[in-house]
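Using the numbering used here, the first residue of the sequence shown is number 8, and each one after it goes up by one. Notes follow the structure.
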Amino acid sequence: MMLTLRSYNNSLGCFPFRDLCNKGSSSCRRRFITTSSSTISPPKNQTCEEELLVVVGGGAAGIYGAIRAKTIAPHLGVLVIEKAKPLSKVKISGGGRCNVTNGHCPDKRVLANHYPRGSRELRGSFFNLHGPTDTMSWFSDHGVQLKTEDDGRVFPVSNSSSSIIDCLLLEAKRTGVLLQTGKVVTNVSTTNTSRKFQIKIQKRTIDFVEYVEADYLMIASGSSLQGYNLATKLGHSIVDPVPSLFTFKIEDKQLAELSGITFPKVKVKLKLENLRRNIPEFTQVGPMLVTHWGLSGPAILRLSAWGARELFRTLSVDFIPDTHIEDAKSILLKHKDHFAKQKFLNSSPSEFGIVKRFWKYVLDRENLDGDTLWASISNNAITSVASLLKQCPFAVKGKGQFKDEFVTAGGVPLSEISLNTMESKIQPHLFFVGEVLNIDGVTGGFNFQNAWSGGYIAGTTIGKLALDASLMKETIQSILIKYNQNFVYSALRGGGTNPSREKKKIRRKEESNHRQEGEFVFGSLENFIFSDGLRGGSVGITVASNHRGGIQGLNSVVW
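Here it is as structure tokens:
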């Protein structure tokens, strides 16, 4: 942080504190500069002395984090840059209803188990700082009525994602968050002297470039290459992204004819190549849907999330998971006795709860003639039907897109950020939230909860940092005003019990004929630069009055 002391007037007199910036430095110019060298006005209600947060990405995590930062530090300038329409994923998620979060996981460990990437790391303080209950309370407090469905998914009562979008955009506007769309952050760099972010922004439709200097940077760009490129420029590594939450493409013309059929409860299992041990997450139970290209539904989507990085070619489906295979055989034999004179195709056991079209599919796969009477069905045929219902293999040919929820596995490794603050461990004042991180959840509101939690934590951290910086500036100014004498300054920095100190003295400038009473001219400008670059350190200002060559008093303020 750079502290800029400007002239201050009050009843005690005039104190012409010099600007710390050299006139040619970028820190002294306004933060908004175009390629034509003209100056763009700062956001409304923001002055040159205020700090600035730039958020890359106007999705759920970015908007939520921006609102939180601005709520905690109203004086902080907050600028959100979005290349397309804000909250576009929110609009289409949950079939246009927006699955806000999941209300059936109050325990953080249970909740963390729904994240294939992040299940271990998220068991810490992440959801304690802002969990599903907190998210639901936030939206309720801001006028959005919510409901929890039987499977735990939480939706607005209106059944429209517009309720969530309108709420977020209205709150962003109310708090003073500036949102700019149709722009892309194409480059970012830092300087060793000011520790600020130099950000290059381009418009998508016209040849226009502008540069912004920010004190804080929050990358919330989702799974786009934009965020990954910015992360690598700032020293981070990237786990190669792959699709998560996808449907399975099955090349089976007979199965395609069953498009639209749903199964309330099946057990699906991935058979992975070169995998000898059993992994529980690679078996999922739940509803399944047959599509014209293959298989979808909650059970399939959960399975795809856990198997996103695995090589698999075969999927096994148990269509009657609550029935043991021997019981299935007994049911078929009893049905044979009761419906001996009916055709095999026209009658299937009601205990299985399957429709006629699927029953025909089963018989066709076993090459059984549907016109054969039940009385003529052999025990071997009954065994083969029971076996297929319990373990029906499908050859997976590829991954299909799940339109309600686009999720990617991969991104910035969680080992490179602090989940307590969402701040980078590599670059101070750099924050990552949302899908740009190597976190992804199964379907059911868990991915949005990751966005809300991360955005809230990052926004809280940035807001508090901005408040501390503002308090430091105000305190230093008040100290300078209070001591109407020459000063000796010491900027102390410490990290725990072994503080390192840097003492810089301000020499009195011998221009007595030019000075008036109560006016002081200070020496080199570098004396006023206090850096917060050391992690976990404290900053102190020691002020001593110089009276007739001797130090008469000493006051210290430490943060």
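The beta carbon of each residue, even a glycine, is placed where N, CA and C say it ideally should be.
Is it buried or exposed for Thr200, if we count other Cβ within 10 angstroms and need 16 for buried?
exposed
Name the DSSP bridge partner or partners of Thr269?
Leu296
What is the DSSP secondary structure of Asn387, counted as helix, strand or coil?
helix
What residue from Ser357, Asp329 and His331 has the CA that sits closest to His342's CA?
Ser357
For a test of the three-state rule: what should DSSP assign to Glu430, helix, strand or coil?
strand
Exposed or buried, which one is Val164 when buried takes at least 16 other CB atoms within 10 Å?
exposed
Which stretch, first to last residue, makes up the alpha helix (DSSP H) that contains Ser311?
Pro305 to Trp313
Residues bridged to Thr330 by DSSP?
Per DSSP, none; premise fails for Thr330.
Would you kindly report the start and end of the unbroken alpha helix (DSSP H) that includes Phe365?
Lys363 to Arg372
What residue range is occupied by the uninterrupted beta strand (DSSP E) comprising Val192?
Lys190 to Thr197
Which residues does DSSP pair with Leu396 in a beta bridge?
Per DSSP, none; premise fails for Leu396.
Cβ neighbour criterion (16 or more within 10 Å) applied to Lys350:
exposed
Kindly indicate the opening and closing residues of the beta strand (DSSP E) around Pro163.
Arg160 to Pro163
Bridge partners - Gly405, DSSP secondary structure assignment:
Lys256
If you measure between the beta carbons of Gly125 and Asn445, is that distance less than 9 Å?
yes
Going by DSSP, what residues sit across from Lys276 in a beta bridge?
Thr290 and Ser323
Between the segment 258 to 268 and the segment 210 to 224, do at least 3 Cβ pairs fall closer than 8 Å?
no
State the Cα-Cα distance for the pair Glu430 and Leu437, rounded to the nearest angstrom.
6 Å
For Gly64 versus Gly234, is the C-beta spacing smaller than 9 Å?
yes
Tell me the start and end of each unbroken beta strand (DSSP E) in the segment 192 to 252 that is at least 3 residues and wholly inside, in chain order.
204 to 210, 216 to 221, 223 to 226 and 246 to 251
Ala382 burial status per 10 Å Cβ neighbour count (16 or more: buried)
exposed
Note down the Cα distance separating Gln291 from Glu317, rounded to an integer number of angstroms.
16 Å
So, with DSSP's three-state summary, where would you put Gly452?
coil
May I ask you to list the residues that DSSP assigns as paired with Ser425?
Glu430
Status (buried if at least 16 other CB within 10 Å, exposed otherwise) for Ile389
buried
Among all the DSSP beta bridges, which residues are the ones paired with Thr415?
Pro250
Contact between the segment 177 to 194 and the segment 202 to 210 (3+ Cβ pairs under 8 Å):
yes
Could you spell out where the beta strand (DSSP E) holding Leu437 opens and where it closes?
Leu437 to Phe439
Report yes if the C-beta distance between Gly451 and Asn106 is below 9 Å; otherwise report no.
yes
Can you give the Cα-Cα distance for Ser354 and Glu288, rounded to whole angstroms?
36 Å
Check whether Ser230 and Gly418 have beta carbons under 9 Å apart
yes
Taking the alpha helix (DSSP H) that Ile171 belongs to, which residues open and close that run?
Ser169 to Thr182
Using 8 Å as the threshold, is the segment 456 to 467 in touch with the segment 129 to 148, meaning 3 or more CB pairs across them?
yes
Mind checking which residues open and close the beta strand (DSSP E) that includes Thr78?
Run containing Thr78: none in the beta strand (DSSP E); it sits in the alpha helix (DSSP H), Ala67 to Ile79.
Just the C-alpha distance for Thr379 and Leu370, rounded to the nearest angstrom, thanks.
11 Å
Return the CA-CA distance between Leu395 and Ile332, expressed in angstroms with no decimal places.
10 Å
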